[in-house]
Amino acid sequence: MIGPEEGHFALALACVVALAQFVLPLYGASRHDRRLLALAPLLAVSQFIALALSFFCLVWSATHDDFSVQNVADNSAIAKPLLYKITGTWGNHEGSILLWTLILGLCGAAVALFGRGLPAILRARVIAILGGVSAGFQLFCLLTSDPFARVWPAPTDGRGMNPLLQDPGLAFHPPILYTGYVGFAVPFAFAVAALIEGRVDAAWARWVRPWAVAAWSFLTCGIALGSWWSYYVLGWGGYWFWDPVENASLIPWLTGTALVHSSIVVEKREALKIWTVLLAIATFSFSLSGTFLVRSGILNSVHAFANDPARGVFILGLLAVVIGGSLLLFAWRAPALVSGGLFAPFSREGALVLNNILLCSICAVVLTGTMYPPFMQLLFNRTISVGKPFFDAATIPLTIPLLAAMALGTMLPWKRAHARPVLRRLRLAAACAVIALGVACWTLSGLMPILCAVGAVWVIAASLTDLAGRLGLSHFNAAHTLARARSLPRSAFGATLAHIGAGVTVLGLCGMAQAQHAIVEVRPGHTETLGGYQWTLLGVHEAKGPNYTSLIADIAVRRHGRLVTVMHPSKRDFAAQSQTTTEVSIRTNLLWDLYSVIGDRHGAGSAATYVLRLHVNPLAPWMWLGGLIMAIGGFLSLSDRRLRVGAARRTAQVRGVAAE
Amino acid sequence: MSENVTRRRMLMTLPVLAAAGIGAGFWKMLSGMGSGGFDPRAIHTPMLDRPLPDFSLPGLPDQGNGFGAADLRAQTRPVLLNFFASWCIPCVAEMPALREIAAHIPVWGIAYKDKPDNAARFVARDGSPFTRAALDLSGMTAIDWGVTGVPETFLILPGGRIAWHGASELTQRTYETQIAPVVRDAMTQSAVK
Amino acid sequence: MRRARLAWMAAGMFCLAAPAFAVDDPSEMLPDARQEQRAEAIGAQLRCLVCQNESIEDSSADLARDLRHVVREHVAKGESDQQIIDWMTRRYGEFIRLKPRLSAATVMLWGMPALALIAGLAIAGAVLLRRPKAVPPLSEEERRRLAELSPSTGND
Numbered sequence: 001m002i003g004p005e006e007g008h009f010a011l012a013l014a015c016v017v018a019l020a021q022f023v024l025p026l027y028g029a030s031r032h033d034r035r036l037l038a039l040a041p042l043l044a045v046s047q048f049i050a051l052a053l054s055f056f057c058l059v060w061s062a063t064h065d066d067f068s069v070q071n072v073a074d075n076s077a078i079a080k081p082l083l084y085k086i087t088g089t090w091g092n093h094e095g096s097i098l099l100w101t102l103i104l105g106l107c108g109a110a111v112a113l114f115g116r117g118l119p120a121i122l123r124a125r126v127i128a129i130l131g132g133v134s135a136g137f138q139l140f141c142l143l144t145s146d147p148f149a150r151v152w153p154a155p156t157d158g159r160g161m162n163p164l165l166q167d168p169g170l171a172f173h174p175p176i177l178y179t180g181y182v183g184f185a186v187p188f189a190f191a192v193a194a195l196i197e198g199r200v201d202a203a204w205a206r207w208v209r210p211w212a213v214a215a216w217s218f219l220t221c222g223i224a225l226g227s228w229w230s231y232y233v234l235g236w237g238g239y240w241f242w243d244p245v246e247n248a249s250l251i252p253w254l255t256g257t258a259l260v261h262s263s264i265v266v267e268k269r270e271a272l273k274i275w276t277v278l279l280a281i282a283t284f285s286f287s288l289s290g291t292f293l294v295r296s297g298i299l300n301s302v303h304a305f306a307n308d309p310a311r312g313v314f315i316l317g318l319l320a321v322v323i324g325g326s327l328l329l330f331a332w333r334a335p336a337l338v339s340g341g342l343f344a345p346f347s348r349e350g351a352l353v354l355n356n357i358l359l360c361s362i363c364a365v366v367l368t369g370t371m372y373p374p375f376m377q378l379l380f381n382r383t384i385s386v387g388k389p390f391f392d393a394a395t396i397p398l399t400i401p402l403l404a405a406m407a408l409g410t411m412l413p414w415k416r417a418h419a420r421p422v423l424r425r426l427r428l429a430a431a432c433a434v435i436a437l438g439v440a441c442w443t444l445s446g447l448m449p450i451l452c453a454v455g456a457v458w459v460i461a462a463s464l465t466d467l468a469g470r471l472g473l474s475h476f477n478a479a480h481t482l483a484r485a486r487s488l489p490r491s492a493f494g495a496t497l498a499h500i501g502a503g504v505t506v507l508g509l510c511g512m513a514q515a516q517h518a519i520v521e522v523r524p525g526h527t528e529t530l531g532g533y534q535w536t537l538l539g540v541h542e543a544k545g546p547n548y549t550s551l552i553a554d555i556a557v558r559r560h561g562r563l564v565t566v567m568h569p570s571k572r573d574f575a576a577q578s579q580t581t582t583e584v585s586i587r588t589n590l591l592w593d594l595y596s597v598i599g600d601r602h603g604a605g606s607a608a609t610y611v612l613r614l615h616v617n618p619l620a621p622w623m624w625l626g627g628l629i630m631a632i633g634g635f636l637s638l639s640d641r642r643l644r645v646g647a648a649r650r651t652a653q654v655r656g657v658a659a660e
Numbered sequence: 001m002s003e004n005v006t007r008r009r010m011l012m013t014l015p016v017l018a019a020a021g022i023g024a025g026f027w028k029m030l031s032g033m034g035s036g037g038f039d040p041r042a043i044h045t046p047m048l049d050r051p052l053p054d055f056s057l058p059g060l061p062d063q064g065n066g067f068g069a070a071d072l073r074a075q076t077r078p079v080l081l082n083f084f085a086s087w088c089i090p091c092v093a094e095m096p097a098l099r100e101i102a103a104h105i106p107v108w109g110i111a112y113k114d115k116p117d118n119a120a121r122f123v124a125r126d127g128s129p130f131t132r133a134a135l136d137l138s139g140m141t142a143i144d145w146g147v148t149g150v151p152e153t154f155l156i157l158p159g160g161r162i163a164w165h166g167a168s169e170l171t172q173r174t175y176e177t178q179i180a181p182v183v184r185d186a187m188t189q190s191a192v193k
Numbered sequence: 001m002r003r004a005r006l007a008w009m010a011a012g013m014f015c016l017a018a019p020a021f022a023v024d025d026p027s028e029m030l031p032d033a034r035q036e037q038r039a040e041a042i043g044a045q046l047r048c049l050v051c052q053n054e055s056i057e058d059s060s061a062d063l064a065r066d067l068r069h070v071v072r073e074h075v076a077k078g079e080s081d082q083q084i085i086d087w088m089t090r091r092y093g094e095f096i097r098l099k100p101r102l103s104a105a106t107v108m109l110w111g112m113p114a115l116a117l118i119a120g121l122a123i124a125g126a127v128l129l130r131r132p133k134a135v136p137p138l139s140e141e142e143r144r145r146l147a148e149l150s151p152s153t154g155n156d
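Pasting the structure below:
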């Protein structure tokens, strides 16, 4: 039997299992009790199964239009397409928390299943900590945000037909983003476990890194997807508001990026141990605070979520336990961690340290900017705003040295580098950068976009040179190159790809800074010139959709008299919800986007005029393409044999088989 | 060496201290939001203690002449100036309280971006609380006053100084606890002079 | 208290629901393209007071439209960017500036990039520079402890 009661029960069961998962393995680890240790993976998997069942029940209620469930009644409706009935379950507060804990449960199960190569005690502790966090959020779910709460009498139809939320981008954005957020719980658990154990070493870093890289890749995807969504749905060419909700995803991304890099130093050189542990704790703490504080109503955001101070208090208590507890443990245990590994400032490690400093500085700026207004009001009773102009002005100057150092980092050898060979290898990149400077000065306006574009080209060129060097392309011998490519670790390809992706994203941002737009009120037949294109409004017609009527424009875009494309932006009027949405029309050639929107109609009949918004957005697709490349780079390095979590286990098994 | 270790320990406690500080701040904000002491959406007007801005507005249909800054400055008693609109739900809710408050202190009204007839009908229904009413059709006077939305209310002291500002629905309680004390202070001060 | 702003809350939600037309009426725009560009740049610095974190250029709220209109009027009159922003600040306070003015209260905000960078470099420098001192010859005591510790590290 499947239904909301069963879902509720499964959630409560999961919570109890999670509590057991928290307590028993920790106790077992302290007593070296093998039976208790062996229980940890079992509990993690059962907790995940219970959660999955619970989540399935919610989806089932939504797909079966069970409007006696408050959450379904509020967020679903009979006429809603099936896909959005399913995705709608996580489009609201209660459902999204359930999804959140489901992913957390998945992480625990993943550690249980893939972490068989880990020392039993470490694995038990990691699973226990994940269980503890899980239990906290399941309690939150059960006590303050019950997704299975019933409503009586049950309405005959639900109220959840917000047409704006019925969009594939928005439907799949939360799971990917949450996987990124929650994924950082695993490095966090590893860090806490290491603190309990009092030991951080290269092996620890090798275990942590794949989880960090996986979470980072998902988070990168999630942020890119969210930004893309606001670009094509909100319809005014904007892609990033510097809104608290967006900053909440950017902050853990920045520290997560720092973590991915600093853990390399721990793995290779046994240095930066304490720092890496702190970063792992901080990244998850920011993920947690970010996802939850935006729901408390303290931070003002355009992305409306149900705000409830009562929930906020519970969340704050939970955050205090998780974050405060782990940081206390850090203060107590971290000073005892022994760091090793000497290195000169001018070395791979040095460059990675610089990378960490710059990333964390940017993070500090974003964090300060986001938190400043509420704290100003609390402490000095003054209301101020911190918005896009501030963030642009404060973060871009830190990004430029970051780009400069990025190119250098991969070229430097460990321990101690000599300037001359590195500079020699950077000759080509430098030449590219100089050419880019010329082109940028000619095409871009503004110092910061020019410098950023030059930095991006420099990074891309240096990454490619580095790869070419490793592949031995200068030998002009295909067999030789192929052999080297085969022996080259995939993580090296991954890193290069991720760096190229970052460069591509920055180029996209620079291009967008030069976007042109026009807002015109025209009659059909009129031609407008923008960005070297002639845009002709051919006509406007009305069409009926399933539950809306739309006004569709046909705009022919010509260049030098040759037809490039015909665009059909439309505007949908949902009479039942008294809501209108705009359907942007975007044509891209991967170098620039043509972007058009239709607005109000003025007048009637043949005298009617229409407001059109036309954009030419150079390099716009690169912003998200770069994000995708970064994420692919991350996943590629995950497929590296050395990084694979199960690697140790697999070799052990082979040995076992051989012995038999 | 031991000094080194102590410094290390102190450095490592920094993160937890910072987190505790931020957490305490959040806790104060949340409890303030519950009790009404902290509103994250509040906007503080810079108008307080400033002379009122110049303006001159026409009246509502059949509601007498409008008024301007000069009329307000010429008053010898404190006046409440209320920005309202017939299309704003809280303004409707505020009306009974305004009528009661009008028994203690004259209330002048400015209809913000409203159709003249709608505004006149809105004011006249159930008896107007306003001693004088004017119409700000373009909304530009409201901008000069730093009004972000209706209803918004200002207390103007004789001589044209803005002494109190409220950006939410007025209630009898707001009048008693916030406005009346300011009025009393101002009157005793002027009496002393 | 919160409900009092219902009308504007609805407007605020509208900001997300249909922000498609920040500038929805071309007649709002200045005929002179350079002046219009300046007006847009100024508008991007000013916060839409009734929405969240949107500039008046991006917002479709009524008040934002009025403020855009004011900005354009002042630009057409030939006022400087600073004059126009000051005009707005006199009415709506610091809140309207998306880029807060540098003052005693915002010194932490504006100083953060430099502060974070310097603190990071200082800590890294201190750790890197101090390290070599700790390296040279181990004392007898340390050697003994090392010998004690070594087997246990090699254990798992």
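Read top to bottom, the protein sequences are chains L, U and Z. Numbering-wise (UniProt numbering), the first sequence opens with residue 1 and increments by one. Numbering-wise (UniProt numbering), the second sequence opens with residue 1 and increments by one. Numbering-wise (UniProt numbering), the third sequence opens with residue 1 and increments by one. For glycine and all other residues, C-beta sits at the position ideal for the given N, C-alpha and C.
Not flagged as an interface residue toward chain U: G111/Z, since no C-beta distance is shorter than 7 Å. In the displayed model, Y610/L falls within a strand according to three-state DSSP. Judged by DSSP in its simplified three-state form, T153/U adopts strand.
Under the Cβ distance rule, P46/U counts among the residues neighbouring chain Z, one pair being separated by less than 7 Å.
In this structure the segment 107–126 of chain U touches the segment 141–149 of chain U; the number of beta carbon pairs closer than 8 Å is three or more.
When rounded, the separation of the alpha-carbon atoms in T89/Z and W145/U is 12 Å.
Chain order gives no chain L residues near A126/Z, where near means a beta carbon separation below 8 Å; the closest approach is about 12 Å.
If you keep only unbroken beta strand (DSSP E) runs of at least 3 residues inside the UniProt domain "CcmH/CycL/Ccl2/NrfF N-terminal" (13–149) of chain Z, you get nothing at all. At a cut-off of 7 Å between beta-carbon atoms, V313/L makes contact with chain U.
Of the candidates G132/L, N547/L, I281/L, P421/L, G132/L places its Cα closest to the Cα of Q47/L. For the segment 66–93 of chain Z, the set of positions with a beta-carbon nearer than 8 Å to some beta-carbon of chain U reads D66, L67, V70, T89, R90, R91, Y92, G93 in chain order. In the three-state scheme derived from DSSP, where H, G and I count as helix and E and B as strand, T465/L is classed as helix. For D144/U, the chain Z residues whose C-beta falls within less than 7 Å of its own C-beta are R91, listed in chain order. Taking the CA atoms as reference points, L58/L sits about 7 Å from G7/L. By the neighbour-count criterion, in which 16 or more other beta carbons inside 10 Å mark a residue as buried, E246/L falls on the buried side. Among the CB atoms of chain L, none fall inside 7 Å of the CB of L102/Z. Here the C-alpha atom of P397/L lies approximately 14 Å from the C-alpha atom of A364/L. Interface flag for R38/Z against chain L is unset, since no Cβ pair is found closer than 7 Å. Checking the DSSP bridge columns, you'll see T581/L partnered with R572/L. Between P181/U and T76/U, the gap from beta carbon to beta carbon reaches 7 Å or more. Per DSSP, L551/L lies in no alpha helix (DSSP H) segment; the continuous beta strand (DSSP E) that holds it begins and ends at 549–559. By the C-beta density criterion, W216/L is buried, having at least 16 other C-beta atoms within 10 angstroms.
Not flagged as an interface residue toward chain L: R144/Z, since no C-beta distance is shorter than 7 Å.
Among the residues of the segment 6–26 of chain U, those with a Cβ less than 8 Å away from any Cβ of chain L are R8, R9, M12, T13, P15, V16, A19, A20, I22, G23, G25, F26, in the order of the chain. By the Cβ-count criterion, V192/U is exposed, with fewer than 16 other Cβ atoms from all chains shown falling within 10 Å of its own Cβ. In its chain, beyond the 5 residues on either side, L403, M406, A407, H499, A502, G503 have a beta carbon closer than 7 Å to the beta carbon of V459/L. Between the segment 62–75 of chain Z and the segment 348–366 of chain L, the count of Cβ pairs shorter than 8 Å is below three; the stretches do not touch. The residues P25, L26, A29, A189, V192, A193, I196, E197, in chain order, have a CB closer than 8 Å to that of R125/L in the same chain once the five nearest residues on each side in sequence are set aside. The residue from M512/L, Y610/L, I362/L with its alpha-carbon nearest to that of R523/L is Y610/L. Around the CB of C141/L, 16 or more other CB atoms lie within 10 Å, so the residue is classed as buried. Note that the segment 170–187 of chain L touches the segment 276–286 of chain L; at least 3 beta-carbon pairs, one per stretch, sit closer than 8 Å.
Residues of chain Z with a Cβ closer than 9 Å to the Cβ of P174/L do not exist, since the nearest Cβ in that chain sits about 16 Å away. Burial is judged here by how many other beta carbons sit within 10 angstroms of a residue's own beta carbon; A24/U has fewer than 16 and is exposed.
DSSP lists V611/L as the beta-bridge partner residues of E521/L. Inside the UniProt domain "Thioredoxin" (46–188) of chain U, DSSP marks whole beta strand (DSSP E) runs of 3 or more residues at positions 79–84, 107–112, 132–136, 152–157, 161–166, from first to last along the chain.
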